[in-house]
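Residue numbers (our numbering): 178 to 624.
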């Protein structure tokens, strides 16, 4: 591998069928580091039963293979075992094992898995580390036979690598600022964030708004927090006619005649207020909700169900309906964005707001919030509203639905604004961050 910098990236958010914003961030991080000439080492925490004598092919297929959801009794027993091990006497750092990749076609995954020079796995590492932290208030150490130049943890994980700088990405502080929006027992997230602030060599974050919250709440000096922002790779290219066929045939909506929301259904996304504002605005086109279930979503689903059941009140006129279509693959996301009249994303809080950037990148007009990072990302290229004011959201929807000239203007400004968050700009900011901990990516080119 010559003089290439060996960078470890956690794989905690990969191998998830529905994908997450953090998984997208992690894929972009890996591709950016590879473009900079680094050697990428991924660390998974997949539960594996293969032993040291297993054939390389068995290790690879077990790591990447589809694993059915275990019976609830099995999950309880597994959790109990992790809890027992968390309280067991400390046995030193965990040593992950190298898993040969053996020709597994990573590009065939949806979304594709990043290419890595070396793949490590420590069975149930991230679950075990979480139990250990909450039993002992200490991060779990991992140690490698050949120390890496730097370990980059893409979210607040209770893990750190021995013998190298540890960089943690903290996307936002929602568990601390909005504890009623998350599933957190006894305020554990606050303890974990405090431990990471204490142990991290550097914290990376994705907006100036998030940096300010980290400095204020975690009491970190500003020079220990570096803003890299977050790019989005170009969405798959798709001609408009093809996109129109996808949205009409597969999702039952008319191209150009729907409002699109993208995001997991969870409290901070503000879906209830969006739906109520949509009903008040009565724009004459459906609201399409694309994204997986997150957590604490029952009230949102109940409201969607109520509106669906009441469609008869509109004599079957589906222009007044709310459609939830769940998680969609990235190619379908392209189609849904390309054919949307505009996107509505009035989130209460975002560390970055990736859907806003994706929409602007494709020239889709955007309505979003005037709080947290969203004005920073959207600039003057979106309609900004108070996410807690249903009337303001409703007026924004009504205006965007009716004003074609405004939509054209926002589409042009959106593309220009999105250019500020290019992969190239992200690469420069990442180099600056790593240089703060003594790792110079400018010397990592191919040799």
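Beta carbons are placed, not taken as given, at the ideal position from N, Cα and C, and that holds for glycine. Bear in mind that the values here come from a model prediction, so they are computed numbers and not experimental data.
- 338 is the residue among 326, 338, 564, 215 whose C-alpha sits nearest the C-alpha of residue 270.
- Selection 187, 513, 379 evaluated against residue 273 yields 187 as nearest (Cα-Cα).
- For residue 455, the enclosing alpha helix (DSSP H) stretches over residues 448 to 458.
- In this structure, residue 366 sits near residue 353, with a CB-CB distance shorter than 8 angstroms.
- Here residue 240 has 221, 223, 225, 276, 296, 298 as same chain residues with Cβ atoms under 8 angstroms from its own Cβ, once five neighbours each way along the sequence are excluded.
- Residue 561 and residue 536 have their C-alpha atoms some 15 angstroms from each other.
- DSSP places residue 539 in no alpha helix (DSSP H); its state is neither H nor E.
- DSSP lists 318 as the beta-bridge partner residues of residue 337.
- DSSP, reduced to helix, strand and coil, places residue 479 within a helical segment of the structure shown.
- A distance below 8 angstroms separates the beta carbons of residue 336 and residue 317.
- Going by beta carbons, residue 468 and residue 442 fall inside the 8 angstroms limit.
- When the Cα atoms are used, residue 534 and residue 411 turn out to be separated by approximately 11 angstroms.
- Going by DSSP, residue 462 is part of no beta strand (DSSP E) at all; its letter is neither H nor E.
- The three-state reading of DSSP puts residue 434 in coil, since its state is none of H, G, I, E or B.
- Residue 200 and residue 326 have their alpha carbons spaced roughly 22 angstroms apart.
- Looking at the backbone, the Cα of residue 238 and that of residue 283 are separated by about 12 angstroms.
- The beta-bridge partner set that DSSP reports for residue 382 consists of 404.
- Beyond the five residues adjoining it in sequence on each side, residue 378 comes within less than 8 angstroms, by CB distance, of 342, 343, 344, 614 in the same chain, given in chain order.
- Each of 402, 376, 375 was checked against the Cα of residue 388, and the nearest Cα belongs to 402.
- Here residue 375 is exposed. Its C-beta has fewer than 16 other C-beta atoms within 10 Å.
- In the DSSP secondary-structure assignment, residue 220 is bridged to 187, 297.
- DSSP places residue 439 in the strand class (E or B) of the three-state scheme.
- Selection 476, 348, 323 evaluated against residue 383 yields 348 as nearest (Cα-Cα).
- Cα atoms of residue 480 and residue 451: separation of roughly 11 angstroms, rounded to the nearest angstrom.
- Your pair residue 204 and residue 291 checks out as a contact, with CB atoms roughly 5 angstroms apart and the cut at 8 angstroms.
- Counted as a single uninterrupted DSSP element, the stretch harbouring residue 415 is not any alpha helix (DSSP H), since DSSP gives it neither H nor E.
- In this structure, the beta-carbon distance from residue 532 to residue 439 falls below 8 angstroms.
- Closest in C-alpha terms to residue 574, from the list 585, 432, 545, comes 545.
- A direct Cα-Cα distance of roughly 17 angstroms separates residue 286 from residue 202.
- Counting only the Cα atoms, residue 425 lies some 15 angstroms from residue 415.
- For a cut-off of 8 angstroms, the C-beta gap from residue 399 to residue 516 is around 43 angstroms, too long to register as a contact.
- Counted as a single uninterrupted DSSP element, the beta strand (DSSP E) harbouring residue 345 occupies residues 343 to 346.
- Taking the Cβ atoms as the reference, residue 306 lies roughly 15 angstroms from residue 185, outside the contact range of under 8 angstroms.
- Secondary structure at residue 501: strand, using DSSP grouped into helix, strand and coil.
- Rounded to whole angstroms, residue 323 and residue 589 show a C-alpha spacing of 49 angstroms.
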